[in-house]
Structure formats: C-alpha cells, structure tokens
Amino acid sequence: MKKQIILTIFAFLLLVSISFASAEIQFWQQKYDMGNGTLQNHLIAFYSKGGFGITDDYVSGNNPYEAYILYNIYVKKFNAENPNIKIDNCDLIVNFAGKVGNTTIILNKSYTEIDDDIFNAKYFIKLKDGEGIIADQICYFQNKSYDDLEFPVDMQLVTSSWECKACQYYEWSVQEENIAKTKSIGDNIVSISNYIKQLFMLNFEIWLALFWIFLILMIFTSIGLIFIGIYWLAIYFKRIIR
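Rendered as structure tokens:
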C-alpha cells in the first residue's frame, strides 16, 4: 500500500513539474510489478484549460473537459484458464485530483472469480481547469512469485473531440495507427492471396501438362493396339487360307 501511495505521489509530481507538449489533456499510463504477486495498471490524466504550452485551444467557455475510462476486468475467465496462478481479487480505484493537489477516492470496487467479468465498461469523468484523475487496477495473485505484466485487466482514457483540436489530434493519431495496422494486414492478405494464386496456377500448369502427356500416351497406345490387332488378324487369315 505504501508503494502504491509513493507511486501515485511521484506520478502526480512528475505531471505537474515537467514541460508538457501542447494539449488540453495530458495522460500517462504504466504497468508495475509491485512484488509479492501484486500487479498494478496505473493511469493518470490532467486537464489544463490553457493547454500545456498553448493558450488558444481549449474547451469553450467554462465547460468542463469530458472523457471516460474504458476498462475490462475478467478475473473469472483468467482463473479458469490459469488454475496454477489464480487471482484472489482485482481492485479498481479511481481518485479525483483537485486543483490544489488533494485527492479523493470516487470509485473503489473489488472483483473476484465469483463476480461476472467486466468488458468495455465506461466510467465517465468531468475535469475543470487544473483537475485530474488517477485510476488504478490492482490484482493480487495467489502465486506470490507471479510477475507477468500481462494480467487480466486493462483500461484506456477515451477523449472527446468536440471543441478540442488537441483531442482531435490524439484521435487522429490513434486512427492513423489503426489504419497503418489495417494496411499492413491488408498487404499481408494480398501477399498470401497472390502466393495461393501462383501456387494454384503452378499446380494447374503441372496437371495440364500431365493431362496432355497422358492423352498423347493414350493416343500412341491406341494406335499401337490397332496395329497389333491388324497384325494378328493378318496372321489368323493366313492360317485359315492354308
């Protein structure tokens, strides 16, 4: 618990002190091995009406910045698939960080294997100038030596795009990444299709050549059998005439 508090304070001070790039919303996410079979997925986000370095691009008027945390927690599924490293429970904790730096817990839920798995759940947040959010997913494993950071929880901050150009830039960058992945997959599919097509054409040409060879052999065989038949008939008639 002390380690979690230290990490939260460190992350908060880091966000407040460093020089950010131009954006209304700045967030940071990292996964930790906290030791003793405890893993943490840590996300923090802060909103500045004036932007972190710019002053002419923000949510209009005094309206708050609206976003949501999209999260999954599937302890039941994980325990069923990994009986040797089962989880006792996973906690979802969301803290609200005020402008002066004080934090308040606004969501605290614990999930075990007897609870239904959560997929694509949304927790909506509204932030005013200088406010932030700190979200943690913490899982406690029965296998105390477990340190694989691929554990059965995940979350992401989903930003809005209206009246916020920097948010649009973020969404565009995500879309560009998805488009690049889709293009890569498409290129691979085309390559595989071309390979299959070439393989089919090659096999077709081979079978076509074998067919013509077989057909020619059958023609020569038929002609040979005709000559053999005529030869034996000639011999037969000679014997009859004698």
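First residue of the sequence shown? That's 1 in the numbering used here, and the numbers climb one at a time after it.
We treat Cβ as the ideally placed atom computed from N, Cα and C, and that holds for glycine.
These numbers were taken from a predicted model, which means no experiment stands behind them.
Going by DSSP, what residues sit across from residue i in a beta bridge?
| i | result |
| --- | --- |
| GLU131 | For GLU131, which the question treats as bridged, DSSP gives no partner whatsoever. |
| GLY35 | THR38 |
| LEU43 | GLN29, ALA135 |
| ILE69 | TYR123, LEU157 |
| ILE87 | PHE141 |
| LEU92 | LYS109, GLN137 |
| ALA209 | ALA209 pairs with nothing; no bridge assigned. |
| ALA180 | Beta-bridge pairing links ALA180 to no other residue. |
| ALA97 | THR103, GLY132 |
Could you tell me whether the Cβ atoms of residue i and residue j are closer together than 9 Å?
| i | j | result |
| --- | --- | --- |
| PHE96 | ILE133 | yes |
| LEU39 | PHE151 | yes |
| TYR71 | ILE118 | yes |
| ASP129 | SER48 | yes |
| ALA67 | VAL153 | no |
| SER110 | ASN89 | yes |
On a Cα-Cα basis, can you pick out the residue from the options that is closest to residue i?
| i | options | result |
| --- | --- | --- |
| LEU149 | GLN26, ILE25, LYS31 | LYS31 |
| LYS144 | GLN29, TRP28, MET34 | MET34 |
| TRP28 | PHE211, SER184, ALA45, GLN198 | ALA45 |
| PRO64 | LEU208, PHE214, PHE124, LEU217 | PHE124 |
| LEU127 | GLY37, SER110, ASN62, ASN178 | ASN62 |
| THR112 | VAL100, ASN79, LEU217 | ASN79 |
| LYS122 | ASN102, MET155, GLY98 | MET155 |
| GLU131 | GLY101, ILE105, GLY37 | GLY101 |
| TYR146 | ILE25, ASN36, ILE206 | ASN36 |
| ILE114 | THR182, LEU225, LYS77 | LYS77 |
Quick one: measure Cβ to Cβ for residue i and residue j, integer angstroms, because I've assumed they're closer than 8 Å.
| i | j | result |
| --- | --- | --- |
| VAL75 | ILE93 | Not a contact, Cβ separation roughly 16 Å. |
| PHE141 | ILE85 | 6 Å |
| ASN41 | ASP136 | 7 Å |
Quiz item: Of all the beta strand (DSSP E) runs that stay within the bounds of the segment 101-148, which reach a length of 3 or more residues?
Solution: 103-111, 118-127, 132-141
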